[in-house]
Amino acid sequence: MRTRIKGINSVKRRLASGVIVTYYYHRSTGTRIVGEPGTPAFFGAIAAAEAKMRRRDDGTLGGLLREFETTKHWRKLAESTRKEYRRVFNFWEDKYGTCPYAALEDKEFRRDILKWHDEYSAKFPREADNRVTILARVLSWGATDGPINRNVLQTFDRAYDGDRSEIIWLPEHVEAFMAKANDEMKLGLVLALHTGQRQGDLLRLAWGNYNGTHLMLRQGKSRRGDKAGRLVTIKCTKALKETLDGLQKRSTLILTTKTGRAFKKRYFAEQWEATCKEADLTNLHFHDLRGTTVTMLFQAGCNLGEIVSITGHSLRRAQEILDKYLARTSTMADSAIAKFENVLETEFTKRPAKQEVVNEAK
Numbered sequence: 001m002r003t004r005i006k007g008i009n010s011v012k013r014r015l016a017s018g019v020i021v022t023y024y025y026h027r028s029t030g031t032r033i034v035g036e037p038g039t040p041a042f043f044g045a046i047a048a049a050e051a052k053m054r055r056r057d058d059g060t061l062g063g064l065l066r067e068f069e070t071t072k073h074w075r076k077l078a079e080s081t082r083k084e085y086r087r088v089f090n091f092w093e094d095k096y097g098t099c100p101y102a103a104l105e106d107k108e109f110r111r112d113i114l115k116w117h118d119e120y121s122a123k124f125p126r127e128a129d130n131r132v133t134i135l136a137r138v139l140s141w142g143a144t145d146g147p148i149n150r151n152v153l154q155t156f157d158r159a160y161d162g163d164r165s166e167i168i169w170l171p172e173h174v175e176a177f178m179a180k181a182n183d184e185m186k187l188g189l190v191l192a193l194h195t196g197q198r199q200g201d202l203l204r205l206a207w208g209n210y211n212g213t214h215l216m217l218r219q220g221k222s223r224r225g226d227k228a229g230r231l232v233t234i235k236c237t238k239a240l241k242e243t244l245d246g247l248q249k250r251s252t253l254i255l256t257t258k259t260g261r262a263f264k265k266r267y268f269a270e271q272w273e274a275t276c277k278e279a280d281l282t283n284l285h286f287h288d289l290r291g292t293t294v295t296m297l298f299q300a301g302c303n304l305g306e307i308v309s310i311t312g313h314s315l316r317r318a319q320e321i322l323d324k325y326l327a328r329t330s331t332m333a334d335s336a337i338a339k340f341e342n343v344l345e346t347e348f349t350k351r352p353a354k355q356e357v358v359n360e361a362k
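The sequence shown begins at 1 in full-length UniProt numbering and counts up by one.
Now the structure itself:
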């Protein structure tokens with residue numbers, strides 16, 4: 001079985017003799033790759049095609065994007081971030097890949113980019129901001145350490161207002177959510193409420209991360225390149241400890257589907273959003289629980305320094321949250337767990353994990 005080589009297309013043709021042969025082509029340049037796959041001649045032909053592509057791209061935006069992928073800045077990115085950058089790079093290369101350096105430094109290039117941004121952001125503001133931000137980062141590197149003289153996208157007005165620092169979950173929101181949630185979503189809210197961690201980290205949270213008093217985990221979002229994510233230690237609130245100690249270990253993971261299988265990220269998000277919609281909480285997001293967690297951790301005895309190391313808030317913002325919301329959230333820890341107590345008494349914690357593939361784990 002032959003391994004598919006990235007960037008190489010294969011085409012099968014039937015000769016006049018009836019024999020079927022396979023031709024290989026370098027995708028970016030269209031150059032035919034001679035030789036049998038796996039042989040020195042084959043890989044030599046690929047190298048020659050790559051060199052041809054680099055020469056063709058020299059002095060253009062396409063070449064600048066590829067050169068950025070050889071830098072330390074690129075190597076520091078997490079693989080998921082690199083994948084996103086490549087997606088955006090492909091978009092800009094299709095649109096402006098042949099633009100020479102002189103054009104990239106011209107004010108007209110900025111005007112063209114911002115015109116596209118204005119039009120696209122009418123329907124997709126976050127995606128429009130994302131694409132321009134990534135392009136601007138490459139141009140910034142190019143102007144500072146690379147071959148161009150200036151970054152014409154050093155600043156631009158964003159279309160999406162992503163500041164949700166004033167939005168947190170309050171007691172009435174928790175009450176509404178718990179009234180509509182299934183057992184798994186209830187546990188998800190309790191974990192998020194009392195740890196302030198991102199959804200992806202909670203879905204990976206294992207029983208091995210819990211020692212009876214603290215949760216210890218490496219945050220996936222803070223991982224850069226080959227370096228592990230930041231290790232955080234979270235002191236469990238009394239209510240969270242009681243919840244964890246009362247759960248049956250049906251899997252190596254703490255938060256699972258009702259059959260004891262790992263949640264797929266997309267499936268969990270769909271279930272969460274559906275619960276919020278049913279509870280009429282469509283303006284609240286999962287990550288808005290982080291603000292509420294500031295008050296939970298403070299009540300657990302954490303100081304401000306410990307709190308912000310876990311939630312990522314600034315000291316000033318954490319203090320503002322405490323000043324504004326502590327009185328309203330002072331009973332939330334016990335209230336949320338009280339709503340969860342009936343879950344601990346049901347078959348939810350006693351069900352054995354099934355091994356067959358079911359829809360819930362999709």
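Glycine is no exception: its CB is placed at the ideal position from the N, C-alpha and C atoms.
| Check | Outcome |
| --- | --- |
| I need the straight-line Cα distance from S314 to V88, nearest angstrom please. | 31 Å |
| In whole angstroms, give me the CA-to-CA distance for I5 and T31. | 15 Å |
| Within the continuous alpha helix (DSSP H) that includes H73, where are the two ends? | 72 to 75 |
| State the beta-bridge partners of residue 363 as determined by DSSP. | One cannot answer for residue 363 here, as it falls past the ends of the chain, which runs 1 to 362. |
| Just checking, does the stretch 187 to 196 make contact with the stretch 247 to 266 on the three C-beta pairs under 8 Å criterion? | yes |
| In whole angstroms, what separates the C-alpha of Q197 from that of F42? | 48 Å |
| Which two residues bound the contiguous alpha helix (DSSP H) that contains I8? | Not the alpha helix (DSSP H): I8 falls in the beta strand (DSSP E), residues 8 to 14. |
| Which word fits I167, buried or exposed, when buried means at least 16 other C-beta atoms lie within 10 angstroms of its C-beta? | exposed |
| Given a threshold of 16 other Cβ atoms within 10 Å of its Cβ, counted over all protein chains shown, does N149 qualify as buried or as exposed? | exposed |
| Taking only the alpha-carbon atoms, compute the straight-line gap between P147 and K107 and give it to the nearest angstrom. | 18 Å |
| Going by DSSP, name the residue or residues bridged to L253. | A206 |
| Just the Cα atoms here: how many angstroms apart are L170 and D323? | 14 Å |
| Excluding the 5 residues flanking T233 on each side, which residues of the same chain have their C-beta closer than 7 Å to its C-beta? | H214, M216 |
| Which partner residues of A262 appear in the DSSP bridge assignment? | T256 |
| Given A279, which residues of its chain have a CB within under 6 Å of its CB, disregarding the five upstream and five downstream residues? | A176, F177, K180 |
| Once you ignore the five residues that flank D318 on each side, which residues in its own chain have a CB closer than 8 Å to its CB? | What sits at residue 318 in the sequence shown is Ala, not Asp. Cβ within range, chain order: V294, L304, I307, V308, T311. |
| T144 lies in the alpha helix (DSSP H); which residues open and close that run? | 125 to 144 |
| In this structure, does DSSP put V19 in helix, strand or coil? | coil |
| Can you check which of these residues, R75, S121, G63, A159, is closest to D94 by C-alpha distance? | G63 |
| Is P100 helix, strand or coil by DSSP? | strand |
| Can you have a look at V21 and say buried or exposed, based on whether 16 or more other CB atoms are within 10 angstroms of its CB? | exposed |
| On the DSSP bridge list, what partners appear for T60? | P100 |
| Do F29 and A49 have their CB atoms nearer than 8 Å? | According to the sequence as given, residue 29 is Thr; it is not Phe. Yes. Within cutoff. |
| Identify whether R150 lies in helix, strand or coil by the three-state DSSP scheme. | coil |
| Of the residues P100, T237, V152, which one's Cα is nearest the Cα of R110? | V152 |
| Please go through the same chain and pick out, in chain order, the residues whose beta-carbon is closer than 6 Å to the beta-carbon of P125, but skip the five residues on each side of it. | A159, Y160 |
| Helix, strand or coil for R27, going by three-state DSSP, please let me know. | coil |
| Which term fits N342, buried or exposed, when burial requires 16 or more other beta carbons within 10 angstroms of its beta carbon? | In this prediction, N342 has a pLDDT of 47, which is less than 50 and means its spatial position is unreliable; what the coordinates show is noted afterwards. N342 should be labelled exposed. |
| Could you give the DSSP three-state label for residue 381: helix, strand or coil? | The displayed coordinates of the chain run from 1 to 362. Any statement about residue 381 would go beyond what the structure contains. |
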